[in-house]
Amino acid sequence: MAEERMLITGGQRLEGTVRVSGGKNTAVAIIPAAILSQTPCVIENLPNIEDVHVSVETLEYLGAKVNWDPAEGIMEVDSSSICRTDVPLELSRRMRASSYYIGALLARFGSARVPLPGGCNIGRRPIDQHIKGMRALGAQVELSRGTVIAEAEPLAGGDVFLDMATVGGTINVMLAASRAQGITTIYNAAKEPHIVDLANFLNSMGCRVKGAGTDIIRVRGTQSLAARRPYAVIPDQIETGTLMIAAAATHGDVTVTGCIPTHMEALTAKLLEMGAKVYERDDSIRVKSIGSHRAVSFKTQVYPGFPTDLQQPMSALLCTATGTSTVVENLFESRFLHLAEMERMGARVRVYEQTAIIEGVPQLHGAAVEATDLRAGAALVVAGLMAQGTTEIFNTHFIDRGYENIEAKLSSLGASISRVKE
Ligand code: EPZ
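At position 417 of the sequence shown the residue is numbered 736 (this note's numbering), and the sequence of numbers has no breaks.
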């Protein structure tokens, strides 16, 4: 396959208005949840990204009828024709969210065989909490030669105490509990916006989920889940944040529309602290930045703390702030690889285990760099937009996993960005 590179000539001020796409991490949870519905489901506002394509391939492999219009972002899923409950390794290794097919298939058919999922290489990503949760609902779950084999007949509600507020674990247990007999209570649940979106989707099908967005979620399972009306997924929190950071990075003036500003509070607070201006309206955020930025420090945390998925683009921005910033990555152990790449562009960084010390430099310069995962790719795009000269980003396929039309969106704001095939 021809190798693709992204070319960015930095130094252009981003200006204008850009619309954010539907959320990746909510889409990859709501698409498997369509398996739970006895009637065809219509899901709207889906982003046209690689992870959604993998989700479509997975549903089709299982036997579901999927009608997906990427241009409109609308998908119709009819799960009544599903005839198998295994996911092949070729699909599961392409996306972390493949693990959600365990919860969804187990809930609907009482069995699932899913190889341990792949996804971004950002550190250890065990699913022991997902498995613990399903066992608490009465499932028999084994790991055999790297494949999770789960059986249950039928699932019964139970108490699930998560050791950490895991996003994936919370989603998987919610999926499994949605058709279980009785009430499941998830303690120490994750509170991310996509957990609330999944709860709303399940409730729209007749399930009774309460407490999503707090750390205790109660799910009263219902055997007869049925989609009744189209459901639109929430806007992408991380794409919104990446565009806000790109605006600040180019000392631009950008309004991101179709977003939910309250999901962005942790980032907004840091951008204000750096000296940028942020104006919020009901469903848009404007970031305007003139002059230099102050260095700031932050730690990644579960929602509503600073999201790990924005740590990479944000730490790229800090490479040109005035002063020294300290960034602590609390969730994943390998999420500073973009900073090593950025040293080729003149960034001054020291990394000690989970802490990066970033000494701001006045100017980065373009270089050939390699994306090592999705958000590392986004961070290198931010770096390229700030740098003097041309930056070449290799491994663009990582960026395509989570950003829809990134070149078109940034070009429409004035960036000089293109893609070439070798
Ligand atoms: C989700 O990953 C997101 N992925 C990630 O987005 C995001 O970085 C992460 O949540 C944190 O917000 C999807 O939603 C598809 P976790 P997930 O379970 O569910 C540990 C992106 O760039 N843990 O909340 O895998 C784990 O090692 C991506 O869009 C266990 O130990 O994250 C980590 O340290 C990448 N055992 C912490 O919990 C478990 O069973 C949080 O992970 C589960 C998790």
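Positions of the beta carbon are idealized from the N, C-alpha and C atoms, including for glycine.
What are the start and end residues of the beta strand (DSSP E) that includes residue 326? As a first step, residue 326 must be located in the sequence shown, where it is residue number 7. First-last of the beta strand (DSSP E) with residue 326: 323-328.
Any contact of the stretch 409-416 with the stretch 469-480, i.e. 3+ C-beta pairs under 8 Å? Verdict: no, contact absent.
When DSSP labels each residue in this structure, what does residue 713 get in the three-state scheme? Position 394 of the sequence shown, counting from 1, holds the residue named residue 713. In the structure shown, residue 713 sits in a strand (DSSP, three-state: E or B).
Closest Cα partner of residue 454 within the set 421, 439, 465: As a working mapping, residue 454 is identified with position 135 in the sequence shown. Nearest option by C-alpha distance: 421.
From the DSSP output, in three-state form, read off residue 478 for me. Position 159 of the sequence shown, counting from 1, holds the residue named residue 478. Residue 478 falls in the strand class under three-state DSSP.
Please state the DSSP three-state secondary structure of residue 563. The residue labelled residue 563 in the question sits at position 244 within the sequence shown. Residue 563: helix per DSSP, three-state reduction.
How many angstroms separate the CA atom of residue 400 from the CA atom of residue 382? Position 81 of the sequence shown, counting from 1, holds the residue named residue 400. Position 63 of the sequence shown, counting from 1, holds the residue named residue 382. Straight-line Cα distance between these residues: approximately 6 Å.
So, helix, strand or coil for residue 606, using DSSP? The residue labelled residue 606 in the question sits at position 287 within the sequence shown. The answer is strand: DSSP assigns residue 606 an E or B state.
Cβ of residue 445 versus every heavy atom of the ligand EPZ: is any distance shorter than 7 Å? Indexing the sequence shown from 1 puts residue 445 at position 126. Annotation for residue 445 indicates a beta carbon within 7 Å of some heavy atom of the ligand EPZ.
Other residues of its chain near residue 653: CB distance less than 6 Å, five sequence neighbours each side excluded: Residue 653 sits at position 334 when you count from the first residue of the sequence shown. Cβ neighbours of residue 653 within its own chain (closer than 6 Å, five residues either side excluded): 441, 442.
Out of 612, 478, 403, 585, which one is the CA nearest neighbour of residue 274? Within the shown structure, residues of the chain are numbered from 320 to 741, placing residue 274 beyond reach of any answer.
Considering only residues of the same chain and omitting the five flanking positions on each side of residue 575, which have a CB-CB separation below 7 Å? Here residue 575 corresponds to residue number 256 of the sequence shown, with the count starting at 1. Closer than 7 Å at Cβ, skipping near neighbours: 337, 339, 559, 562, 563, 603, 604.
Measuring alpha carbon to alpha carbon, tell me which of 542, 520, 485, 483 ends up nearest residue 498. Along the sequence shown, read from residue 1 onward, the residue named residue 498 stands at position 179. Comparing Cα-Cα distances from residue 498 to each of 542, 520, 485, 483, the minimum goes to 542.
Compute every distance between the C-beta of residue 557 and the non-hydrogen atoms of the ligand EPZ, then say whether any falls below 7 Å. Position 238 of the sequence shown, counted from the start, is the residue given in the question as residue 557. Yes, the beta carbon of residue 557 sits closer than 7 Å to at least one heavy atom of the ligand EPZ.
Beta-bridge partners of residue 433, as assigned by DSSP: The sequence position of residue 433 within the sequence shown is 114, counting from 1. In DSSP, residue 433 forms a bridge with 467.
Measure the Cβ-Cβ separation of residue 353 and residue 494 and say whether it is below 8 Å. Here residue 353 is taken as the residue at index 34 of the sequence shown, counted from 1. Here residue 494 is taken as the residue at index 175 of the sequence shown, counted from 1. No.
Locate the beta strand (DSSP E) running through residue 671, then write down its first and last residues. Walking along the sequence shown from the start, residue 671 turns up at place 352. Note, residue 671: beta strand (DSSP E), 667-671.
Starting from residue 391, trace the alpha helix (DSSP H) both ways and give me its first and last residue. Here residue 391 corresponds to residue number 72 of the sequence shown, with the count starting at 1. Element bounds for residue 391: n/a, residue is neither H nor E.
Neighbourhood of residue 598 by C-beta, 6 Å cutoff - its chain only, sequence neighbours within 5 removed: Counted from its first residue, the sequence shown places residue 598 at position 279. Same-chain partners within the cutoff: 605.
Taking Cβ positions, are residue 359 and residue 385 nearer each other than 8 Å? For this step, residue 359 is matched to residue 40 along the sequence shown. For this step, residue 385 is matched to residue 66 along the sequence shown. It is not a contact, given that the beta carbons lie outside the stated cut-off.
Short check: CB of residue 505 to CB of residue 481, under 8 Å? For the purposes of this step, residue 505 is taken as residue 186 along the sequence shown, with counting starting at 1. For the purposes of this step, residue 481 is taken as residue 162 along the sequence shown, with counting starting at 1. Closer than 8 Å, so yes.
What are the partner residues of residue 459, as DSSP defines its beta bridges? Within the sequence shown, numbered from 1, the residue matching residue 459 stands at position 140. 470, per the DSSP bridge assignment.
Could you check what DSSP says for residue 622 in three-state terms: helix, strand or coil? Taking the first residue of the sequence shown as 1, we reach residue 622 at position 303. Of the three classes helix, strand and coil, the one that applies to residue 622 here is coil, per DSSP.
Going by beta-carbon coordinates alone, are residue 510 and residue 545 separated by less than 8 Å? Here residue 510 is taken as the residue at index 191 of the sequence shown, counted from 1. Here residue 545 is taken as the residue at index 226 of the sequence shown, counted from 1. Taking the C-beta atoms as reference points, residue 545 is found no nearer than 8 Å to residue 510.
Which residues does DSSP list as the beta-bridge partners of residue 617? Start at 1 with the first residue of the sequence shown, and residue 617 comes out as number 298. In the DSSP output, where bridge partners are listed per residue, residue 617 has 646.
So what's residue 514 in DSSP terms, helix, strand or just coil? The count along the sequence shown starts at 1 and reaches residue 514 at position 195. Here residue 514 sits in helix by DSSP.
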